[in-house]
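Single-structure report; data block below.
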Amino acid sequence: MKITSLILLSFLFLLMAFLPFQVSANHSWGGYHWARTSNPFTLKLGDNVTSVWDAYLIEASSDWSGSSVLDTTIVAGGTRAKNCRPTNGRMEVCNAKYGNNGWLGIAQIWIIGGTHITQAVAKMNDTYFSTLPYNTPAWKRLVMCQEIAHGFGLDHQDETFDNANLGTCMDYTSNPLGPPSNEHPNTHDYDMLMTIYEHLDTFTTINQVLSTPSNGQAGNPAFLSELLDDPRQWGKRIRDNGRVAVFEKDFGHGNKVLTHVLWATE
216 MKITSLILLS
226 FLFLLMAFLP
236 FQVSANHSWG
246 GYHWARTSNP
256 FTLKLGDNVT
266 SVWDAYLIEA
276 SSDWSGSSVL
286 DTTIVAGGTR
296 AKNCRPTNGR
306 MEVCNAKYGN
316 NGWLGIAQIW
326 IIGGTHITQA
336 VAKMNDTYFS
346 TLPYNTPAWK
356 RLVMCQEIAH
366 GFGLDHQDET
376 FDNANLGTCM
386 DYTSNPLGPP
396 SNEHPNTHDY
406 DMLMTIYEHL
416 DTFTTINQVL
426 STPSNGQAGN
436 PAFLSELLDD
446 PRQWGKRIRD
456 NGRVAVFEKD
466 FGHGNKVLTH
476 VLWATE
């Protein structure tokens with residue numbers, strides 16, 4: 216009996232230790248998602264990156280296309296990298312020396328009707344990526360993978376930098392190489408995408424097609440042309456743990472822009 220009790224207690228201890236990692240796999244970003252009428256759907260990624268970043272963009276696109284509900288395809292960029300202006304119906308991906316403004320990477324999504332993404336941008340700040348510790352393939356691979364994924368509606372599995380790596384680019388870390396490596400998606404990320412996109416919509420916001428939602432919300436609100444390049448334009452800070460922050464600029468009627476920020480250590 217004593218042996219059986221010890222075995223049971225050991226099992227419960229291991230289960231309790233394991234549970235936080237399971238909970239962290241529920242990492243939808245506020246239920247935000249691209250509206251579409253069928254799965255899988257294809258999201259265009261506008262290539263506004265320099266040759267130094269091309270391989271990381273190609274790799275991230277290939278990684279995320281491993282999802283059963285989502286494919287990505289790289290197309291010619293539709294903006295200047297320094298501005299990284301959004302394009303309706305797709306994601307623009309950019310890199311530039313954006314300055315010593317504190318952020319290493321940014322993802323922004325434009326929302327209509329409360330939850331539907333209609334355009335997105337992902338930006339990598341070469342001001343920091345040209346210096347240690349960020350001027351390494353592992354850091355560039357992690358941040359590119361992660362910022363693009365925010366544009367799908369994914370959040371982080373974990374935001375504690377000193378925890379053991381979970382083996383996904385959606386886990387913050389002080390050592391992307393690990394082990395395990397945090398440079399690519401993992402099974403939990405693909406499972407979360409399946410959950411986010413398991414329902415279908417009656418209209419679409421992808422591929423520069425924006426029809427009128429069934430709830431009557433205007434399909435092309437003027438706020439979509441807003442360029443929120445300056446941190447002072449990001450709106451209200453709704454989350455911040457010192458290394459990660461989320462800002463929301465609310466335009467009313469379910470229209471808003473969310474900015475996901477990864478702060479650099481200086």
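So for the sequence shown, our numbering puts the first residue at 216; every next one is plus one.
The beta carbon of each residue, even a glycine, is placed where N, CA and C say it ideally should be.
Under the three-state DSSP convention, the category Ser426 falls into: Locating residue 426 in the sequence shown gives position 211, counting from the first residue. In this prediction, Ser426 has a pLDDT of 46, which is less than 50 and means its spatial position is unreliable; what the coordinates show is noted afterwards. DSSP places Ser426 in coil when its eight states are reduced to three.
Selection from Ile332, Asp341, Tyr313 that minimises the alpha carbon distance to Pro446: As a working note, residue 446 is residue 231 in the sequence shown. For the residues Ile332, Asp341, Tyr313, the minimum Cα distance to Pro446 belongs to Tyr313.
Contact test: Gln334 Cβ vs the ligand COA heavy atom, cutoff 8 Å: What this structure holds is no ligand at all, so the ligand COA is not there to describe.
Local conformation of Arg305 per DSSP, three classes: As a position in the sequence shown, residue 305 is number 90, starting the count at 1. Coil at Arg305, not helix or strand.
Gly293 - partner residues in DSSP beta bridges: Here residue 293 refers to the residue found at position 78 when the sequence shown is read from its first residue. Per DSSP, none; premise fails for Gly293.
Selected residue, minimal CA-CA separation from Phe438, among Val267, Gly467, Asp455: The sequence position of residue 438 within the sequence shown is 223, counting from 1. Comparing Cα positions, the closest option is Gly467.
Residues sharing a beta bridge with Asp278, DSSP: Working through the sequence shown from its first residue, we reach residue 278 at position 63. Answer is none; Asp278 lacks a bridge partner.
Gly434 - DSSP class collapsed to helix/strand/coil: Counted from its first residue, the sequence shown places residue 434 at position 219. With a pLDDT of 49 at Gly434, under the threshold of 50, the modelled position of that residue is not reliable, and no figure is offered here.
Secondary structure, beta strand (DSSP E): runs of 3+ residues fully inside the region 243–269: 256–263
As assigned by DSSP and simplified to three states, the class of Val358: In the sequence shown, residue 358 corresponds to position 143, counting from 1. Note: Val358 maps to helix in three-state DSSP.
Rounded separation between Met339 and Thr252 - CA only: Within the sequence shown, numbered from 1, the residue matching residue 339 stands at position 124. Within the sequence shown, numbered from 1, the residue matching residue 252 stands at position 37. If I take the Cα positions, the gap works out to 31 Å.
Residue range of the alpha helix (DSSP H) that includes Met409: Along the sequence shown, one-based indexing puts residue 409 at 194. Looking at the DSSP string, the run of the alpha helix (DSSP H) that includes Met409 is 402–411.
Beta carbon of His403 nearer than 9 Å to that of Trp244: Counted from its first residue, the sequence shown places residue 403 at position 188. Counted from its first residue, the sequence shown places residue 244 at position 29. No, the Cβ-Cβ distance between His403 and Trp244 is not below 9 Å.
Contact under 9 Å by Cβ, Leu347 with His242: Counting from 1 along the sequence shown, the entry for residue 347 is found at position 132. Counting from 1 along the sequence shown, the entry for residue 242 is found at position 27. Contact: no.
Of the listed residues Thr480, Glu463, His475, nearest to Gly329 (C-alpha basis): To locate residue 329, count along the sequence shown from 1; it is residue 114. It is Glu463 whose Cα lies nearest to the Cα of Gly329.
Selected residue, minimal CA-CA separation from Gly281, among Ile327, Pro255, Thr302: Taking the sequence shown and counting its residues from 1, the one referred to as residue 281 is at position 66. Of the listed residues, the one whose Cα sits closest to Gly281 is Pro255.
Length of the line joining the Cα atoms of Val472 and Lys451: Along the sequence shown, one-based indexing puts residue 472 at 257. Along the sequence shown, one-based indexing puts residue 451 at 236. Going by the C-alpha atoms only, they are around 10 Å apart.
Separation of Ala353 from Ile324, as counted between CA atoms: Along the sequence shown, read from residue 1 onward, the residue named residue 324 stands at position 109. Along the sequence shown, read from residue 1 onward, the residue named residue 353 stands at position 138. The alpha-carbon atoms of Ile324 and Ala353 are separated by roughly 25 Å.
Own chain, CB closer than 8 Å to Asp465, minus 5 neighbours either side, in chain order: Stepping through the sequence shown from its first residue, residue 465 is reached at position 250. These residues qualify, in order along the chain: Gly450, Lys451, Lys471.
Between the CA atoms of Ser283 and Glu413 - distance to the nearest angstrom: Walking along the sequence shown from the start, residue 413 turns up at place 198. Walking along the sequence shown from the start, residue 283 turns up at place 68. Rounded to the nearest angstrom, the two C-alpha atoms are 11 Å apart.
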